[in-house]
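What follows is a single structure, written as structure tokens, with notes after it.
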Amino acid sequence: MLLQKSGVRCSECGKEAVVFQRHTGRALCRECFINDVVSRVRNEVNRFSMFGAKDNVLVGVSGGKDSYVLIDVLFKIHDPGRMGFVLIEEGIPDYGRLEQAGWVKELAKDSGVDLYVISFKEYVGYSLKELVDLSRRRGLKVSPCTYCGITRRRIMNQLARELGFRRVLTAHTLDDEAQTALMNILRGDLLRLVQGHPAGPLLSPLFVRRVKPLRKVYEVEVATYAYLKGFVFQERECPYIQEMPSLRAQLRKYLYRLEMEAPGSLLRFLERVDELVHGLIPKYSSLPELPRCVRCGEPTAYGRKYCKLCELLMELGINKVPGLREEFTLKHTQ
Ligand code: SF4
Ligand code: ZN
Ligand code: ZN
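Start counting the sequence shown at 2; every next residue gets the next number (this note's numbering).
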């Protein structure tokens with residue numbers, strides 16, 4: 002995406018261009034590229050009413066470039082006084098979130114944003130590594146990403162609800178969103194497709210709406226933005242990435258190739274998904290409230306007694322009911 006040769010002019014302002022934006026075919030200078038990303042995020046936020054000027058939002062941060070860019074853009078379009086950050090420590094060997102997220106602490110301190118740090122160990126009683134080891138000992142075929150994703154989403158939702166945040170914001174990019182949408186379509190799971198959409202219905206009063214402001218920004222644009230802003234990151238790869246569920250891993254590779262061959266494909270795909278979901282919303286909005294897990298009280302799918310997290314934990318022989326206790330919600334640093 003970064004231009005290798007000099008002397009190319011910005012398509013917008015005529016200054017020296019530094020970036021070639023493949024999906025629009027434009028060469029852009031640093032400023033026009035950053036403005037382009039910010040205005041696309043702002044448009045997406047407004048288009049789907051992701052949050053309003055008065056909404057308190059909880060931002061999930063990982064310490065990597067995606068969360069850096071999300072926060073940098075959010076500071077331009079929303080009031081930092083109406084934000085909180087949450088950093089979740091999964092407990093993955095050689096992948097300490099807190100070590101990677103020194104800048105988050107600094108930024109939270111400088112901008113007066115509350116930072117909540119919560120670990121899997123506190124929430125479910127076990128680190129992700131311990132869950133994965135238990136699972137392997139029992140011969141289960143559950144991917145680490147399944148334990149990880151479900152627990153992370155649960156923590157963010159519960160924390161936001163208990164602290165009165167109106168939205169949970171995550172740094173998922175266009176690449177992530179396209180994978181998820183295609184996966185749901187291939188599985189025929191339109192309910193999940195609609196529920197995961199920023200305009201989809203919330204089927205339980207216990208859910209805090211989760212939105213992804215970067216959902217129309219390519220991963221490569223996020224990396225370029227971070228680089229142009231001078232964000233120094235040494236993003237280590239999660240050691241469990243090779244064990245990502247196979248459908249997602251395959252789609253990831255396939256969509257990457259597709260985008261290389263036909264720039265703009267992922268964006269066009271997600272735009273069509275938005276139209277499809279728009280047509281489906283009336284049908285799914287009239288569904289009854291989701292049932293609640295008899296073990297932990299959180300929402301679960303129709304026809305189920307336990308939520309997915311409790312099912313996973315029970316399968317591992319873990320009796321502790323997941324949940325935030327008061328000391329966790331109070332455990333934050335400024
Ligand atoms: Fe979690 Fe999987 Fe991502 Fe690792 S690769 S952080 S286990 S979701
Ligand atoms: Zn320019
Ligand atoms: Zn449960």
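Think of the CB as a built atom: it goes at the ideal place given N, C-alpha and C, for glycine as much as any other residue.
In this text, all values refer to a predicted model and were calculated from it rather than measured experimentally.
Where residue i falls, given that 16 or more other Cβ within 10 Å makes a residue buried
i: Val213; result: Correcting the residue type first, residue 213 is Lys in the shown sequence and not Val. With 16 or more other Cβ atoms within 10 Å, it is buried.
i: His279; result: exposed
i: Lys217; result: buried
i: Gly140; result: exposed
i: Asn44; result: exposed
i: Val295; result: exposed
i: Asn320; result: exposed
i: Pro300; result: buried
i: Gln5; result: exposed
i: Met157; result: buried
i: Leu204; result: buried
i: Arg155; result: buried
i: Ser63; result: buried
i: Gly65; result: buried
i: Cys14; result: exposed
i: Val105; result: buried
i: Lys332; result: Because Lys332 sits at a pLDDT of 49, beneath the cut-off of 50, its placement in the model cannot be relied upon, and the point is left open.
i: Ile282; result: exposed
i: Ala227; result: buried
i: Thr225; result: buried
i: Arg188; result: exposed
i: Ala90; result: Per the sequence shown, the amino acid found at residue 90 is Glu instead of Ala. Flag for Glu90 reads buried.
i: Arg211; result: buried
i: Gly61; result: buried
Cut-off 7 Å between Cβ atoms - residues of its own chain near residue i, not counting five sequence neighbours on either side
i: Phe166; result: Asn57, Val58, Leu59, Gly85 and Val209
i: Lys152; result: The sequence given here places Thr at residue 152; Lys does not occur at that position. Here the set comprises Phe121, Tyr124, Val125 and Leu310.
i: Ala179; result: Leu256, Leu267, Phe270 and Leu271
i: Ala182; result: Leu194, Leu271 and Val274
i: Ala161; result: Leu59, Val169 and Val209
i: Ser136; result: Val143 and Leu317
i: Thr330; result: Only weak support is given to the placement of Thr330: the predicted model assigns it a pLDDT of 49, under 50, and the value that follows is read from those uncertain coordinates. Cβ neighbours of Thr330 beyond the five flanking positions: Leu160, Glu163 and Leu164.
i: Gln322; result: A small fix is needed here, since residue 322 is Val in this sequence, not Gln. For Val322, where only same-chain residues beyond five positions count, the Cβ hits under 7 Å are Arg296 and Cys297.
i: Pro94; result: Lys130 and Pro240
i: Lys230; result: Asp73
i: Cys149; result: Glu91 and Leu129
i: Val221; result: Met2
Near ligand 2: residue i beta-carbon under 8 Å from a heavy atom
i: Cys33; result: yes
i: Leu132; result: no
i: Ala302; result: no
i: Lys230; result: no
i: Ala18; result: yes
i: Gly26; result: no
i: Gly8; result: no
Cβ-heavy atom distance, residue i to ligand 1, below 8 Å
i: Ile156; result: no
i: Ile242; result: yes
i: Leu170; result: no
i: Gly265; result: no
i: Ser112; result: no
i: Gly97; result: no
i: Cys146; result: yes
i: Met315; result: no
Nonlocal neighbours in the same chain, by C-beta distance under 6 Å from residue i, ignoring five residues either side
i: Ser144; result: Glu244 and Pro246
i: Pro81; result: Ser112 and Val114
i: Tyr241; result: Pro145
i: Pro202; result: Tyr285 and Ser286
i: Gln101; result: Gly64
i: Met315; result: none
i: Glu290; result: Ser205
i: Asp190; result: none
Neighbourhood of residue i by C-beta, 8 Å cutoff - its chain only, sequence neighbours within 5 removed
i: Arg10; result: Lys16, Glu17, Ala18 and Ala28
i: Leu215; result: Val42, Asp67, Val70, Leu71, Val74, Ala172, His173, Thr174, Leu175 and Val223
i: Ser7; result: Glu17
i: Gly324; result: Tyr124, Gln159 and Cys297
i: Arg98; result: Ser63, Gly64, Leu88, Ile89, Glu90 and Glu91
heavy atom of ligand 3 below 8 Å from residue i C-beta
i: Cys30; result: no
i: Tyr124; result: no
i: Arg296; result: yes
i: Glu1; result: The shown model of the chain, from 2 to 335, leaves out residue 1, and the question about it has no answer.
i: Tyr307; result: yes
i: Pro323; result: yes
i: Cys11; result: no
i: Leu207; result: no
i: Leu310; result: yes
> Is the stretch 257-264 touching the stretch 105-122 in the sense that three or more CB pairs, one from each, lie closer than 8 Å?
Replying inline: Because the criterion of three Cβ pairs below 8 Å is not met, the stretch 105-122 and the stretch 257-264 do not touch.
Check your understanding: Can you give, in chain order, each stretch of the beta strand (DSSP E) that sits fully within the stretch 160-220 and has at least 3 residues?
Key -> 168-170 and 210-212
_Ordered list of beta strand (DSSP E) runs contained in the stretch 77-148, each at least 3 residues_ = 84-90 and 115-120
Checklist entry - Hey, which unbroken runs of the beta strand (DSSP E) at 3 residues or more fall wholly within the stretch 8-38? => result As far as the stretch 8-38 is concerned, its whole beta strand (DSSP E) runs of at least 3 residues are 20-22 and 27-29.
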